[in-house]
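Only one structure is covered here, and it is reproduced in the block below.
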Amino acid sequence: MYASFAVIIDSFPYLIQGAFITAGIVVCAMLFGLVLGVCIAIGIIYGPRPLRYLLNLYLWIFRGVPVLVLLFLFYFGLLTYLGLNLSAFASVAIVLGLTTAAYQANIFKGAILSLPRGQFLAASSLGMSDIQAIKSILLPQALRMSIPAWSNEYSIILKDSALAFVIGAPEIMARTQFIASRTYQHLPLYITAGIIYFVLTWLGVRLLLQLEKSVRIPGYSDHGTNP
Amino acid sequence: MELSQFYQDLLPALNKGVIMSIALIIPSALGGVCIGIAAGSLRTYGPKFIRKLCDGYAAVFRGTPLVIQLFVLYYGLPNLGIYFSPYGAAVTGFMLCSGAYQSEYVRGALLSIKRGQYWGAQALGFSSFQTVFWIIIPQAMRRALHGCGNEIIYLIKYSSLAYIVTCMELTGEGNTIATEYFRFTEVFMMVGLYYLVLVSCAMLILKKVEQWLHVPGFGHQES
Amino acid sequence: MTAAKTILEVEGLHKSFGDNTILKGVSLTLKEGEIKVLIGPSGGGKSTLLQCINCLVTPESGTISLHGNTVNLENKKELYQLRQRVGMIFQEFNLFDHLTALENVTIALRKVKNFSKVSAEKRARLELEQVGLGDKTDLYPAQLSGGQKQRVAIARTLAMDPEVLLLDEPTSALDPELVGEVIAVIKALAAKGMTMIMATHQISLISGLAQNVLFMENGVIAEQGSPKELLGAGKQTRTQGFCDRLSDLGEGGS
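Residue numbers (the working numbering), protein chains in the order written: chain A, 713 to 939; chain B, 29 to 251; chain C, -14 to 239.
Here's what the structure looks like:
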């Protein structure tokens, strides 16, 4: 019992450093996924037919193949095949970003389609181009509506980021495994790691809730809470 | 047409792996749904203490990565003298994790049933059991179906994590061949294709079931 | 009418939710074929009274008697019996959303009264035709208008052969243009001699149908009498004042 505590206390700073790396992976992946997801959503809604097929194929692949397989394919497969040299951190961020983009695209697609058609018509009637209308009228509304779903996506990506250890990115999970293999205190260490993930999930969700509140427009219901 | 040695090795290995994957997915999905229904109902209607307990269960399993849960089961519990086989650890972990997510959909579905539905039944003289059996369950089932079905699709993808606790399924078999021939790209593209087929089949079945149970005014309206 | 026997007797009902007392000792008797109308401001206890009579809400004290037999509210069997014999129409219809109009009517017949499928359907079609929905039997609630939903709800209740019908503001949740079709059904029921207690804000129902008007306020029946006594020209009753305000607001019309 005492040995367990000692290991946890000794390794805690090391694990917390890992938490920063995990957070870095998640933030990079989410932002990359956000930009790509918005582009895909707009492409699917407004793009020409061939592009739409292509993008739907993208969604199908990235929503159907496990993250673990994508990681192996990207890191051990494609990078070697193409002769590229990329850090484990960057690889995980890219793979998770590509995955979450597929899900985020669906979220934005839903949000944009749920906007009343009048919004686009009104923008066009004021002389805005399609791009201007999307950028300054549709996106600000759709992005606000997407925040609750985004918080869900965040917690998924955070948990998926634990898979980064298979390619050796030095995040929480990899560090925990490293210490556990040396001290044989598997149970207390993995529980500690679990608690760190739990706190990170909770923190992120709180933060996004705060963001949602701070950008809320009075009288604008995006939850359908109004009767 | 003669397949190269590589493919002669790869395809049987993947076929063997996919059978193992299915053997992981089916009991996990069934167990997850059962746990989800039980925990979801208790979280909605249970006595306060049990409700809190089940809320705690769902929060823990939804708030931590599945890898950690599997590691605790497979590498952690032996510290306490509890040993799992790789297969046992994987199925147990999948069931518990999936059940936590399923309970969320079940709870949401139960909460979405308006008080008026109970009253309407009671006013006609239904007993409590009849109300639950004929009114609440058929409605909750339809409301929860989409979420629960998607959860099973997630489960198919996450079954790849069984490889991490050394249970040789699709991903694991693929990895063995990939390391042997050092041809990761082809192998994992092939593995990805297998998963795509599994997931697509599950989606198709889910869609069929949804259509079969469809009632106007229920379920979700996404394409 | 004087000879008609008493069907339902309610004595000293009390009900509170937390600190908020909704019913402070309400009593009423209902004779066969009688129609009583409950009016009064919202929050006055009309809905709660009707829900208590059907035991959807359990009153804290007071008795409910059907044909002179006091119902033991603790006994589930007696409760289910009471509810089968006292029908209830809700403001929000409360149709079962996963069942078609026909199934909404048959389900209670089959499960509660153990009708066979065939005879339940026969009866259900008859009731739906009576309310003018013979052609809508296979539609789901989500595909019906408010007025049609309320008529299905009425058919569903009538199929159980209730001796008393409780109607809780049956037209309040409807769009104005749909109120008429429901009122027509209720008037037809009245003409057939159905015993009813109805909470409503609909002036035409109050003056046209009620034999007895009960004005409820703050959990008690403040005034009662025939429409003539309470609403006749020059009567300075609170009921009169309340109804005048309703007409001014245009809520009463149709």
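Don't be surprised by glycine CBs; every beta carbon is placed ideally from N, CA and C.
Exercise. For chain A, is any of its Cβ atoms less than 8 Å away from the one on Ile54/B?
Worked result: Residue contact with chain A for Ile54/B: absent (no Cβ-Cβ distance below 8 Å to any residue of chain A).
For this session: Please list, in chain order, all residues of the same chain as Leu850/A whose beta carbon is under 7 Å from its beta carbon, the five residues on each side excluded.
Result: Ile824, Leu827, Gln831, Phe832
Problem set entry | Integer Cβ distance of Val90/C from Ala140/C, believed to fall under 8 Å | 5 Å
For this session: Determine, using beta carbons only, whether Ile53/B and Ile184/B come nearer to each other than 8 Å.
Result: Less than 8 Å divides the Cβ of Ile53/B from the Cβ of Ile184/B.
For this session: Using a Cβ-Cβ cut-off of less than 8 Å, give me the residues of the region 158 to 174 of chain B that come near chain C, in sequence order.
Result: Gln158, Trp162, Ile163, Pro166, Gln167, Arg170
Problem set entry | Leu198/B and Ser56/B closer than 8 Å at C-beta | no
Exercise. Nearest to Phe788/A by alpha carbon, out of Asn203/B, Tyr223/B, Pro244/B, Leu221/B?
Worked result: Asn203/B
Exercise. How would you label Asn60/C, buried or exposed, when you count the other beta carbons within 10 angstroms and need 16 or more for buried?
Worked result: exposed
For this session: Please go through the region 117 to 165 of chain C and give each complete alpha helix (DSSP H) segment of 4 or more residues, from N-terminal end onward.
Result: 131 to 143
Problem set entry | CA-to-CA distance, Leu727/A to Phe890/A, given in whole angstroms | 10 Å
Problem set entry | Cα-Cα separation between Ala128/B and Gly59/B, rounded to whole angstroms | Going from the Cα of Ala128/B to the Cα of Gly59/B covers about 11 Å.
For this session: Identify the continuous beta strand (DSSP E) that holds Ser50/C and give its terminal residues.
Result: 46 to 51
Exercise. Can you find at least 3 beta carbon pairs, one from the region 66 to 81 of chain C and one from the region 3 to 13 of chain C, that sit closer than 8 Å?
Worked result: no
For this session: Using the Cα positions of Gln249/B and His242/B, report the straight-line distance between them to the nearest angstrom.
Result: Confidence at Gln249/B is low in this model, with a pLDDT of 48, below 50, so the placement of that residue is unreliable and no value is reported for it.
Problem set entry | Same chain, Cβ closer than 6 Å to Pro930/A, neighbours up to 5 away in sequence not counted | Excluding its 5 nearest sequence neighbours in each direction, Pro930/A has no C-beta neighbour in its own chain below 6 Å.
Problem set entry | Distance between Val170/C and Ile191/C (C-alpha atoms, nearest Å) | 15 Å
Problem set entry | Residue from Asp83/B, Ser140/B, Pro75/B, Leu226/B whose Cα sits closest to the Cα of Met169/B | Ser140/B
For this session: Report the partner residues of Gly210/C according to the DSSP bridge assignment.
Result: Val198/C
For this session: Can you grab the Cα-Cα spacing for the pair Arg894/A / Ala190/B, in whole Å?
Result: 23 Å
Exercise. Does the region 750 to 765 of chain A come close enough to the region 206 to 218 of chain B to have 3 or more Cβ pairs within less than 8 Å?
Worked result: With a cut-off of 8 Å, the region 206 to 218 of chain B and the region 750 to 765 of chain A do not count as touching, because too few Cβ pairs lie within range.
For this session: Return no unless some Cβ of chain C is closer than 8 Å to the Cβ of Trp240/B.
Result: no
For this session: List the endpoints of the continuous beta strand (DSSP E) containing Ala(-11)/C.
Result: Unbroken run through Ala(-11)/C: none, as it is neither H nor E.
Problem set entry | Endpoints, the beta strand (DSSP E) within which Leu23/C is located | 20 to 24
Exercise. Roughly how many whole angstroms lie between the Cα atoms of Ala805/A and Phe784/A?
Worked result: 14 Å
For this session: Using beta-carbon positions only, say whether Gly177/B and Leu234/B come within less than 8 Å of one another.
Result: yes
Exercise. Is it the case that the Cβ atoms of Gly25/C and Phe227/C are separated by a distance below 8 Å?
Worked result: Yes, they are a contact pair.
For this session: For chain D, find out if any of its Cβ atoms is closer than 8 Å to the Cβ of Gly220/B; answer yes or no.
Result: Judged by its chain identifiers, the structure shown contains no chain D, and its protein chains are A, B and C.
Exercise. Any C-beta of chain B sitting closer than 8 Å to the C-beta of Gln135/C?
Worked result: no
Problem set entry | Rounded C-alpha distance that separates Val198/C from Lys213/C | If I take the Cα positions, the gap works out to 9 Å.
Exercise. Can you name, in chain order, every residue of its own chain whose Cβ lies under 6 Å from the Cβ of Thr48/C, other than the five neighbours on each side?
Worked result: Glu(-4), Thr55
For this session: Let me know if Trp162/B comes out buried or exposed under the rule of 16 or more other beta-carbons within 10 Å of its beta-carbon.
Result: Flag for Trp162/B reads buried.
For this session: Measuring only between beta-carbons, confirm whether Gly238/C sits less than 8 Å from chain B.
Result: The predicted position of Gly238/C is uncertain, since its pLDDT is 42 and thus under 50; no value can be drawn from it.
Problem set entry | Short CB-CB distance (under 8 Å) between Leu875/A and chain B | yes
Exercise. Buried or exposed: Ile721/A, going by 16 or more other Cβ atoms within 10 Å of its Cβ?
Worked result: exposed
For this session: Report the neighbours of Pro40/B on chain C: residues whose CB is nearer than 8 Å to its CB, in chain order.
Result: Here the premise fails: no neighbours, minimum Cβ distance about 47 Å.
For this session: May I ask you to list the residues that DSSP assigns as paired with Lys235/B?
Result: Looking at the DSSP assignment, Lys235/B forms no beta bridge with any residue, so it has no partner.
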